[in-house]
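For reference, the structure discussed in these notes is given below.
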Amino acid sequence: MKQLMFALAVFIVSYNFSVAQSAGNYKLTFTEDATELQKYFLIGTTKAINGDHEGAIQDFSKAIELDPNDASGYLARADSRSSIEDYQGALDDYNKAIILSHRNSKLNLYCRRGNVKLKLQDYRGAIEDYNQEIKLNPKDAESYCQRGLSKTKLEDHRGAIEDYNIAIKLSPKVAVLYSNRGLEKNMIRDYRGALQDFNQAIKIDPNNATAYSGRGVAKYRTNDKNGACLDWSKAGELGDESAYENIRNVCQ
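Residue numbers (numbering that gives the first Met the number 0): 0 to 251.
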């Protein structure tokens, strides 16, 4: 969503049209000098922001037909395809956007393509993209976080922890970074370190079900059965159904 809003903001500055928000929806009004390409791109972007990704894809496709050498159309269509879980289609579009954009570091293209590869279970390919993104944007916390997730899938838990360490330094108030690192510490049996991470995640976000569930495991492994059961119960209340299995196996 932030990427789409950025695209819309760029065009608001560049071209003559107005945008209005009503009941949560964005609407465009063009002046007479707006080109067909601009109209399709901006209407598509507005549809995407409003959640109509199928309609947005149609408009972005028309924009691409009008100018097949403009990276913006492929990038926008890739984002919408990713939103409807057409990951292979999104990957194809990101590939094209990267070629046409000449590796524009402001677009986070490699991180976005890496996210799609992660969904497609191409974990090594995802890591390669995150590596490239980090070279271009060494302070991009998302790339470190996502590379950590990819390393988790490859069972490189210590490598994942290293990535979360950097991500936390860059974005110290993001709860999911602490809960993810806590899960990795559980995997290497650093339960006390995991407890610290889960505590911090819960402090930032008291509704983080993953943190309660992971903390329950860490407490159980450090002989705090009652505390573990309380945490699993809370995780279940917050929507983590797997926590109830732990309760059935350990607490009853």
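Ideal Cβ placement from N, Cα and C applies to all residues, glycine included.
In the three-state reduction of the DSSP assignment, GLY181 falls in the helix class. The region 106-169 contains, as complete alpha helix (DSSP H) runs of 4+ residues, the segments 108-118, 122-135, 140-152, 156-169 (chain order). DSSP places GLY88 within a helical segment (H, G or I) once states are collapsed to three. Judged by their CB atoms, ALA159 and GLU132 are not nearer to each other than the 7 angstroms cut-off. Residue ASP239 holds the alpha-carbon nearest to the alpha-carbon of SER212 among LEU106, ASP239, PRO205. Our two residues, VAL216 and ILE187, have alpha carbons roughly 13 angstroms apart in a direct line.
For GLY213, the enclosing alpha helix (DSSP H) stretches over residues 208-220.
The three-state secondary structure of THR34, taken from DSSP, is coil. It is roughly 29 angstroms from the alpha-carbon of ASN185 to the alpha-carbon of ARG112.
Cβ neighbours of ILE56 within its own chain (closer than 7 angstroms, five residues either side excluded): ARG76, SER79, ARG80. In this structure, the alpha-carbon of GLY50 lies about 15 angstroms from that of PHE40. ARG146 is positioned such that its CB atom lies closer than 7 angstroms to that of ASP162. In its chain, beyond the 5 residues on either side, ALA62, LEU65, ASP66 have a beta carbon closer than 7 angstroms to the beta carbon of LEU36.
Counting the other Cβ atoms within 10 Å of the Cβ of LEU153 gives fewer than 16, which makes it exposed.
The criterion of a C-beta distance shorter than 7 angstroms is not satisfied by LEU169 and LYS134.
By the criterion of a C-beta distance shorter than 6 angstroms, THR209 is surrounded in its chain by SER178, once the five residues flanking it on both sides are discounted.
Per DSSP, reduced to three states, the secondary structure at LYS172 is coil, with no helix or strand assignment. Under the DSSP assignment, ASN245 falls in the alpha helix (DSSP H) whose first and last residues are 241-245. By the 16-neighbour rule on beta-carbons within 10 angstroms, ILE167 is buried. If you compare the alpha carbons of ARG180, THR221, ASP92 with that of CYS144, the shortest gap goes to ARG180. Under a 10 Å Cβ-count criterion, ARG247 is classified as exposed, with fewer than 16 other Cβ atoms of the shown protein chains found around its own Cβ. LEU194 is the residue among TYR73, LEU176, LEU148, LEU194 whose C-alpha sits nearest the C-alpha of GLY226.
Taking the C-beta atoms as reference points, THR221 is found nearer than 7 angstroms to TYR190. The region 57-84 is shown to contain no whole beta strand (DSSP E) run of 3 or more residues.
In this structure, ALA125 lies away from SER100, with their beta-carbon atoms at least 7 angstroms apart.
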